[in-house]
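Okay, structure first, notes after.
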Amino acid sequence: MKYLRVAIPAPVFTTFVYSSTKPVSKGARVRVPFGKTRRTGYVTAVLDRLTETGGDAYGKIKEVEEVIDEEPLLTDGLCRLADEMIFHYISAPGEVYSAMLPPRLTYPKIKRKRKKETKPSSETGFLMNSAQEDAFQRIIRADEEGAFPSKFLLHGVNASGKTEIYLRLSSYLAEKNRQTLILLPEIAITVQMIDMFIKRFGSSSVGVWHSRISNGKKMENIRKIKNGDLKVLIGSRSAVFAPFKSLGGIVVDEEHDHSYKEGNSPFYDARWVSEKRGEIENAVVVYSSATPTLETMYRSKRKEINYLKIPQKVFKSDETKVRIVDMNHSVKFKGAIFSTRLLRSIEQALSVNKQIIIYINRRGYAPAVICRECGENIKCSDCSSSLVYHRNSGKLSCHLCGSSFKNPGKCIYCKGEVFAYRGAGTERVKKALEKLFPDANICRMDSDSVRKKDDARRVFEKFRNHKYDILVGTALVTKGWDFPEVELVGVLQAESALTMPDFRAAEKTFSSLKQVTGRSGRFGRHGEVFIQTLTPGHYAIRYMAERDYESFYEKELEIRKECFYPPYCKLVKIVGEGRTENNLESRMRLCAQYIKKKLPFTEFLGPSKAHRGRLRGKYRWQMLLKYREGKDVEVKEMLRKMRADERFAKYLKIDADPVEML
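Note that the numbering used here has the sequence shown beginning at 341, numbered continuously upward.
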């Protein structure tokens, strides 16, 4: 007879004790009775006997009904990582364990057909320049010397050959029978990275991990990872929890991207988790970006992270010309979507058979539908957001809750029958370009057009093979793609993110513009970028056009220090949700009083109605808690108690180190 501590996937801040006559190990999943239901739980400890503190307090101990994993899928290192996350993210044990290993992940019953294997190439890759070679040597020197924890910031301009360093690092580790994890911010861009690694290592040594691969494929990858058969795993955020046999290196590509932050409890950030996992497993961690986050750059300046810089492109070329177009005074065309300067450049690029990317960070046809008779904006009945008109489907969609509605024949407020479609999204931009350039082949890349697993690959391959002349897209087109024939990039509504109530708005704008600019002028070609904006003088846009990251960094750091925002403080976002706004407001004010009494050294913003004041039928209020380093234990222990308190537990969400401020 053994006794097990089991974490149940629920917002419960304790583990539960069960008995088992069957052999079971720490890190395995078990099926247990829980109240009147049956739940899948995670074994966090195996005990020979109950301790004195546990003895009689447990009462009648129930027995495990089923041991799901005969061999535990969570390693000792992952269990240690879970403990770190439970504290840092103020989370229930079961929430963290279920994020690591979903309870519904099942063993495949049918054998998968073996695909034709791609053999590794005999090519060793590109010759690296001196900056690349120096960066690579510093990374492996730290590994050889066992200087753990080894953390690096690889700050390389777009097209500077950062991927070749990942490939060389993976080869170096593979020779030592150690594995590499390559994290990417978006599922869509795994396509290109996978192809490069398969070419170098062969398909049998490279695995893929993201939310769209099947349970069977995930379990197959888990088996290969645990056996050490996979040399490299490429994946999105959740791949950071893969049960490696011998993890030697973690690369966080496009480190600036906020997609690494999970939007639901336990609200983990794969960047922070990568660093902790590297410490636990003695693995090298490399953060990589052309536009590092301010927090990461700040840590490198303080020597907390080793700084590596690659200042030039692999293929020498003239600097991409960046032109800011002031849309307040520019001659416009097609309802102010395009300036005449941009249209002339598109026409010229097409005439010499060059490709073009048009970036606008809005999907759909029109982001607002207005009744012409009463002037009301048609909004989602469950959220506080405008409905977006999608012309292809003929529906109005809420981009917060995902609800879709038929385009109403009459206004819900005044019964008027005439609507105006305001603003522009990717659909409208594509339609306008098709009318202006009828001979051009135009495609779209956004979350509406790449819903299925292989959609992104199809768009990428067709555009790369010049089946399309113009690619219109949202942030997806900014993320690391290599398109050799692209010489022109047009950015529409560059200031859109600057209007958001978010202290990182300028940083997000600078980063997205820098990334999309980097899609032009690769492989030694000429490049030109037009940035259309109503705020041409804003420092984020101005410094980006001047390619002056350092000045932007210093300016933004000065503002953050004055306003006491990260990296000068620690931040926790507390969100309350409820069906009745008045009741929610009073509860949030009670919560704020409670925190101020317990943590008088903290600073507060709020409580106030959230920018997204209603979501999926619930009202939302929020507050931000700021405090200085050194108070982490005190703050998080108090918030943990508060989250477990019945007065607050049912309506509060607590997000440590938040990225989303809305």
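Just so it is clear, CB atoms sit at the ideal spot from N, CA and C, and this is done for glycine as well.
Predicted model only: the values in this text are computed from it and were never measured.
{"Asked": "Could you have a look at lysine 558 and say whether DSSP puts it in helix, strand or coil?", "Found": "helix"}
{"Asked": "By Cβ distance, which residues of its chain are closer than 6 Å to lysine 993, with the 5 residues on each side in sequence left out?", "Found": "Val915"}
{"Asked": "In three-state terms, what does DSSP make of glutamine 652?", "Found": "coil"}
{"Asked": "Does the distance from the CB of asparagine 555 to the CB of proline 448 come in under 9 Å?", "Found": "yes"}
{"Asked": "Do you know offhand how far aspartate 388's Cα is from threonine 446's?", "Found": "29 Å"}
{"Asked": "Label threonine 393 either buried or exposed according to how many other C-beta atoms from any shown protein chain fall within 10 Å of its C-beta, with 16 as the threshold for buried.", "Found": "Low confidence applies here, because threonine 393 scores a pLDDT of 45, under 50, leaving its location unreliable and the question unanswered by this model."}
{"Asked": "Rounded to whole angstroms, what is the Cα-Cα separation between threonine 857 and phenylalanine 492?", "Found": "25 Å"}
{"Asked": "May I ask you to list the residues that DSSP assigns as paired with tyrosine 889?", "Found": "None, per the DSSP bridge assignment."}
{"Asked": "For glutamate 921 and alanine 432, I'd like the C-alpha separation in whole angstroms.", "Found": "27 Å"}
{"Asked": "State the Cα-Cα distance for the pair arginine 681 and valine 692, rounded to the nearest angstrom.", "Found": "17 Å"}
{"Asked": "Please state the DSSP three-state secondary structure of proline 947.", "Found": "strand"}
{"Asked": "Checking the sheet assignment: what are the DSSP bridge partners for valine 383?", "Found": "Val346"}
{"Asked": "Do valine 572 and glutamine 519 come within 9 Å of each other at the CB atom, strictly closer than that value?", "Found": "yes"}
{"Asked": "Let's see if you can read the secondary structure: which residues bound the alpha helix (DSSP H) around tyrosine 638?", "Found": "634-641"}
{"Asked": "Rounded C-beta distance between isoleucine 810 and isoleucine 696? I'm assuming under 8 Å.", "Found": "5 Å"}
{"Asked": "Could you check the C-alpha separation between alanine 397 and phenylalanine 356 for me, to the nearest Å?", "Found": "Residue placement at alanine 397 is flagged as unreliable, the pLDDT there being 44, under the threshold of 50; a coordinate-derived value is accordingly withheld."}
{"Asked": "Indicate the three-state DSSP secondary structure (helix, strand or coil) for leucine 690 in the structure shown.", "Found": "helix"}
{"Asked": "Assign lysine 854 to one of two classes, buried (16 or more other C-beta atoms within 10 Å of its C-beta) or exposed (fewer than that).", "Found": "buried"}
{"Asked": "Going along the chain, which residues of its own chain have a beta-carbon closer than 7 Å to the beta-carbon of tyrosine 808, five neighbours each way excluded?", "Found": "Asn781, Ile782, Cys783 and Lys802"}
{"Asked": "Going by DSSP, what residue range makes up the beta strand (DSSP E) through glutamate 716?", "Found": "It is not in any beta strand (DSSP E) - glutamate 716 carries neither H nor E in the DSSP assignment."}
{"Asked": "Within the continuous beta strand (DSSP E) that includes glycine 830, where are the two ends?", "Found": "826-831"}
{"Asked": "On the three-state DSSP scale, how would you describe proline 373?", "Found": "strand"}
{"Asked": "Do you know how far the Cα of leucine 911 is from the Cα of aspartate 997?", "Found": "5 Å"}
{"Asked": "Is the segment 614-630 close to the segment 552-567, with three or more CB pairs under 8 Å?", "Found": "no"}
{"Asked": "Determine the DSSP secondary structure at valine 790, reduced to helix, strand or coil.", "Found": "coil"}
{"Asked": "DSSP beta-bridge partners for lysine 995?", "Found": "Correcting the residue type first, residue 995 is aspartate in the shown sequence and not lysine. Lys913."}
{"Asked": "Using the rule of at least 16 other Cβ atoms within 10 Å of the residue's Cβ for burial, across every protein chain shown, is histidine 669 buried or exposed?", "Found": "exposed"}
{"Asked": "With a 10 Å radius around its C-beta and 16 neighbouring C-beta atoms as the bar for buried, classify glutamine 833 as buried or exposed.", "Found": "buried"}
{"Asked": "Mind checking serine 438: buried by the 16 CB within 10 Å criterion, or exposed?", "Found": "buried"}
{"Asked": "Quick check: the Cα distance between cysteine 903 and histidine 550, rounded to an integer number of angstroms?", "Found": "38 Å"}
{"Asked": "Identify which residue in Thr458, His495, Lys735 and Met425 has its Cα closest to the Cα of serine 614.", "Found": "Met425"}
{"Asked": "Hey, out of Ile677, Leu648 and Lys819, whose CA is closest to methionine 289's CA?", "Found": "Residue numbering for the chain in the displayed model covers 341 to 1002; residue 289 lies beyond these limits and cannot be assessed."}
{"Asked": "So what does DSSP say about tryptophan 612, is it helix, strand or coil?", "Found": "helix"}
{"Asked": "Once you ignore the five residues that flank glutamate 767 on each side, which residues in its own chain have a CB closer than 7 Å to its CB?", "Found": "Gly704, Tyr705, His730, Arg731 and Asn732"}
{"Asked": "Quick one: what's got a C-beta closer than 8 Å to isoleucine 565's C-beta in the same chain, skipping five residues either side?", "Found": "Gln519, Gly547, Leu573, Ala582, Pro583, Phe584 and Lys585"}
{"Asked": "Give the straight-line distance between the Cα atoms of tyrosine 608 and tyrosine 991, rounded to the nearest whole angstrom.", "Found": "20 Å"}
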